[in-house]
Each structure stands twice: as C-alpha cells, then as structure tokens.
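Heads up, the sequence shown is in the UniProt record's numbering, so the first residue is 1 and it goes up one at a time.
Accompanying notes for the structure given below.
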Amino acid sequence: MEPSLLSMEKLDRSSPDLWPEQIPGVYDFAPLVSPQLSPNPENLDLEEQDYNLLYQFRLLTALEIIEEVKKLQNVAYQLGLEEAKEMTRGKYLHILSRKEK
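This is the structure in structure tokens:
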C-alpha cells in the first residue's frame with residue numbers, strides 16, 4: 001500500500017453515541033455466520049465458457065483485476081447512459097403509455 005495513503009489517526013470507537021450499532025444485534029450475529037469464500041465447483045451451474053473466464057481471472061494479478069473492474073464499471077456506466085437515452089426516446093414516442101379504449 002502506498003505510504004502517502006496511510007493515516008496514523010486513531011479513532012476512539014468506545015462511545016456508543018459516536019459509533020452506534022447500525023442494526024441492533026448484528027455484532028453478535030456476524031461472527032456466527034462466515035461466508036463460504038471458495039464454493040464447491042461441482043455445486044455451481046456453470047458452462048464451459050464460465051469456467052474458462054474464471055480460469056483467466058484466476059491468473060490475473062491484483063492490478064490487472066483492478067483494471068478489469070474499472071472496465072466493467074465503464075461498461076455499466078455506458079449501458080446506463082444508453083438506457084436513459086432509450087427510455088427518454090420511448091417517453092417521447094409514447095411507447096410505454098397505456099392505450100385508452
């Protein structure tokens with residue numbers, strides 16, 4: 001981690017007024033449930049293409065994974081813009097309006 005991003009500030013989290021529990025009882029429940037980080041591949045309903053993609057991601061370094069995530073975020077953003085444009089177009093063309101009898 002880059003040293004310029006580290007903070008040496010210590011936060012006192014002992015005060016319930018400053019750091020209230022978001023959902024009562026969640027701190028007691030959270031340690032009881034541990035997520036399964038490596039699911040059994042036999043239990044997954046994946047196709048050959050999915051296995052190939054997982055294998056490719058497994059070979060990536062941390063920086064390469066970050067780049068892939070950024071690419072996915074950009075694609076999601078572009079899809080959101082495209083959807084907004086098409087929804088506006090549909091509104092002006094009255095495609096989604098109900099037809100009156």
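Built from N, CA and C at the ideal position, the CB exists for glycine as well.
Proximity of residue i and residue j at Cβ, strictly below 8 Å
i   : j   : result
E68 : L79 : no
Cα-Cα separation between residue i and residue j, rounded to whole angstroms
i           : j   : result
S97         : Q73 : 32 Å
residue 121 : Q56 : It is not possible to answer for residue 121, since the shown part of the chain is limited to 1 through 101.
S7          : I66 : 23 Å
E83         : K71 : 18 Å
P91         : V75 : Here residue 91 turns out to be Lys, not Pro, going by the sequence shown. Their Cα atoms are separated by approximately 24 Å.
N52         : L44 : 14 Å
M87         : E2  : 43 Å
L54         : H94 : 43 Å
Where residue i sits in the DSSP three-state scheme
i   : result
L60 : coil
I95 : coil
M8  : coil
L72 : helix
I2  : According to the sequence as given, residue 2 is Glu; it is not Ile. E2: coil per DSSP, three-state reduction.
D50 : helix
L81 : helix
Contact test: residue i Cβ vs the ligand MN heavy atom, cutoff 7 Å
i  : result
L6 : Absence of the ligand MN from the depicted structure is noted, as is the absence of any ligand whatsoever, leaving it without description.
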